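Visitor:
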Amino acid sequence: MGAALILTAVMALVTFLLVRSGELKLWHVLLVGILGIYLDRIGWADPVAYAVTWLVQGLTHTT
Numbered sequence: 001m002g003a004a005l006i007l008t009a010v011m012a013l014v015t016f017l018l019v020r021s022g023e024l025k026l027w028h029v030l031l032v033g034i035l036g037i038y039l040d041r042i043g044w045a046d047p048v049a050y051a052v053t054w055l056v057q058g059l060t061h062t063t
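The sequence shown begins at 1 in the numbering used here and counts up one residue at a time.
(1) For G36, which of helix, strand or coil comes out of DSSP?
(2) Quick check: what's the CA-CA separation for A51 versus K25?
(3) Between the beta-carbon of V19 and the beta-carbon of V29, is there less than 8 Å?
(4) So W44 is in the alpha helix (DSSP H); what residue range does that whole segment cover?
(5) Pick from D46, R41, T53 and P47: whose alpha carbon is nearest that of G2?
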């Protein structure tokens, strides 16, 4: 749970900095957020979360 919280905080910070710099528009962020909510509602959030966890563990070589 701790790694997921840190990863979420890093992604939120990167998103904020990209929006602030003008390289990422606010409407892009909103569309991606809506897509995330949609994926959660149709039940695809768990497989995506498992895939991200598998990828992060593979890259960091932790179990």
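Ideal placement from N, C-alpha and C gives every residue a C-beta, glycine not left out. This one's a predicted model, so the numbers in the text were calculated from it and none came from an experiment.
Guide: To lay it out plainly:
(1) Mapped onto the sequence shown, residue 36 falls at position 36. It is helical.
(2) Here residue 51 is taken as the residue at index 51 of the sequence shown, counted from 1. Here residue 25 is taken as the residue at index 25 of the sequence shown, counted from 1. Distance between the alpha carbons of A51 and K25: 27 Å.
(3) As a position in the sequence shown, residue 19 is number 19, starting the count at 1. As a position in the sequence shown, residue 29 is number 29, starting the count at 1. In this structure, V29 lies closer than 8 Å to V19 by Cβ.
(4) Here residue 44 refers to the residue found at position 44 when the sequence shown is read from its first residue. No alpha helix (DSSP H) holds W44; DSSP gives it neither H nor E.
(5) Here residue 2 refers to the residue found at position 2 when the sequence shown is read from its first residue. The shortest C-alpha separation from G2 is found at T53.
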